[in-house]
Amino acid sequence: MNPHRTAFIQGLPKVELHLHIEGSLEPDLMFELARRNNIKIPFSSPEEVKAAYQFEGLQSFLDIYYQGANVLINEQDFFDLTWAYLLRCQKDNVIHTEIFFDPQTHTARGIAFETVINGIDRAMQKGREELGISSQIIMCFLRHLDQESAFNTLKQALPFKAKIIGVGLDSSEQGHPPEKFKEVFEAAIGHGFLTVAHAGEEGPAANIHNALTLLGVSRVDHGVRCVEDAELVKQLIEDRTPLTVCPLSNTKLKVFEQMSDHNIVDLLRQGLCVTINSDDPAYFGGYMTDNFMAVADALPVSLEELQAFTLNAIEASFIHEQEKQKLVDKVTHFSHEFFV
Ligand code: HPA
Ligand code: ZN
């Protein structure tokens, strides 16, 4: 790629809205934590772990991803995990991030909710103070589990409400549609949480529609299969409903065969509020800059359009208008010299 484009993508201030903290667990840290906590893992080296990351689809990834999370035991582990991610953010000029975590992945193993949230939150505070990176936490319900388990998780979260901006829905989309969680999302909204949901990744466009109408979501995670319903696309454009798209995830999990087939630039040009995110960067081969580079390498996209992904993410973020304006100023100040 031409050096001017590379420098723009590297330096561009970025906002991440779709990042599973458990998906930022790099093989090296996985090994360190396995040793520290005396946990057996079915790999003999970090290189062997990396070699195992070949996925046929979402489920084959999830199986290995939940297994990886077994090494996370103590509050310090969750701190170290989150801090390592925030250091990568700094490298990629990520100035704001909204982080997912999956409480049930840990509470099901006997880890206390507070151990998880306190470790993540402490790293986020340090990130604000020492790196100048602002952040929020969103807790996701695992959709392959039942709604009762989600209700339990919601209850466990209530004492930590001040630390959690919203609730989301992740894991296996096929067979577990949004309507399965209608009541627990209603309850979450009643407690003041914002809502988001993974929809239209491997599942049909109807899941996007139902996430919007039944779960009251402010953003749709992935959402790339919206194109299968022209009426829905029209609505998403009209409402400026944000889609948190994850390009490298989509090619790794074969939602698109290759990056040149991805619809992200098409969606942007149609006027949708699409954003670029890394999803599970330790598993999918790249953080924010890598995702921007992969899109810019494979698809015809201008610097102005690349900037638009960040401006859309600021618009879609869960921060106050004044804060949004500060981030917009940072982006336009950075881009200025590239556009003249
Ligand atoms: N989809 C569903 N569940 C997930 C994902 C995803 O991309 N990443 C982590 N959990
Ligand atoms: Zn995701």
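Numbering-wise, the sequence shown is residues 21 to 360 according to my numbering.
Beta carbons are placed, not taken as given, at the ideal position from N, Cα and C, and that holds for glycine.
For clarity, every value in this text was computed on a predicted model and none was experimentally measured.
Host beta strand (DSSP E) of residue i (start-end)
i: His-38; result: 34-40
i: Gly-186; result: 186-190
i: Ser-269; result: Unbroken run through Ser-269 is the alpha helix (DSSP H), 267-272; no beta strand (DSSP E).
i: Ser-355; result: Counting along the chain, Ser-355 falls outside any beta strand (DSSP E), though it belongs to the alpha helix (DSSP H) covering 341-359.
i: Gln-18; result: The requested residue 18 does not occur in the structure, where the chain is confined to residues 21 to 360.
i: Ala-314; result: Per DSSP, Ala-314 belongs to no beta strand (DSSP E); it is in the alpha helix (DSSP H), 308-318.
i: Arg-239; result: 239-242
i: Gly-296; result: In the sequence as presented, Gly is not what sits at residue 296; that position holds Ile. Looking at the DSSP string, the run of the beta strand (DSSP E) that includes Ile-296 is 293-296.
i: His-126; result: Segment 123-127 is the alpha helix (DSSP H) holding His-126; no beta strand (DSSP E) there.
i: Leu-151; result: No beta strand (DSSP E) holds Leu-151; DSSP gives it neither H nor E.
i: Ala-182; result: Unbroken run through Ala-182: none, as it is neither H nor E.
i: Thr-215; result: 214-219
Inter-residue spacing [alpha-carbon to alpha-carbon] between residue i and residue j
i: Ser-64; j: Gly-139; result: 28 Å
i: Thr-233; j: Asn-332; result: 22 Å
i: Asp-97; j: Asp-122; result: 15 Å
i: Val-204; j: Gln-345; result: 33 Å
i: Asp-317; j: Tyr-307; result: 15 Å
i: Leu-78; j: Ala-128; result: 21 Å
i: Ile-158; j: His-211; result: 14 Å
i: Met-50; j: Phe-99; result: 14 Å
i: Ile-119; j: Lys-183; result: 12 Å
i: Gln-255; j: Glu-134; result: 39 Å
i: Val-91; j: Ala-104; result: 15 Å
i: Arg-55; j: Gln-145; result: 27 Å
i: Lys-60; j: Ile-185; result: 35 Å
i: Ile-137; j: Glu-95; result: 8 Å
i: Leu-162; j: Leu-189; result: 6 Å
i: Phe-81; j: Lys-175; result: 29 Å
i: His-164; j: Met-313; result: 33 Å
i: Thr-352; j: Gln-167; result: 44 Å
i: Phe-329; j: Val-294; result: 6 Å
Identified DSSP bridge partners for residue i
i: Glu-118; result: Gln-156
i: Val-247; result: BP columns for Val-247 are empty, so no partner.
i: Val-91; result: DSSP, once it has assigned bridges, lists no residue as partnering Val-91.
i: Gly-263; result: Correcting the residue type first, residue 263 is Leu in the shown sequence and not Gly. Paired residues: Val-240 and Val-294.
i: Phe-161; result: Leu-189
The alpha helix (DSSP H) enclosing residue i, as first and last residue numbers
i: Thr-233; result: 225-234
i: Ala-132; result: Here Ala-132 belongs to no alpha helix (DSSP H), and DSSP marks it neither H nor E.
i: Ala-427; result: The shown model of the chain, from 21 to 360, leaves out residue 427, and the question about it has no answer.
i: Val-204; result: 202-210
i: Met-279; result: Met-279 -> no alpha helix (DSSP H), and no H or E assigned at all.
i: Phe-329; result: 323-336
i: Phe-51; result: 47-56
i: Glu-68; result: 66-71
Integer-rounded CB distance, given that residue j should sit under 8 Å from residue i
i: Glu-199; j: Asn-230; result: 6 Å
i: Leu-235; j: Thr-215; result: 6 Å
i: Phe-171; j: Val-187; result: Not really, about 11 Å apart at Cβ, beyond 8 Å.
*Can we say the segment 337-357 touches the segment 39-56, given the rule of at least three CB pairs closer than 8 Å?*
no
*Okay, do the segment 149-167 and the segment 109-118 touch, 3+ Cβ pairs below 8 Å being the bar?*
yes
*asked:* With three or more C-beta pairs closer than 8 Å as the rule, is the segment 295-305 touching the segment 266-284?
replied: yes
*Could you say if the segment 59-74 and the segment 30-37 meet the contact criterion of at least three C-beta pairs nearer than 8 Å?*
no
*Can at least three beta-carbon pairs, one atom from the segment 215-228 and one from the segment 311-326, be found at a separation below 8 Å?*
no
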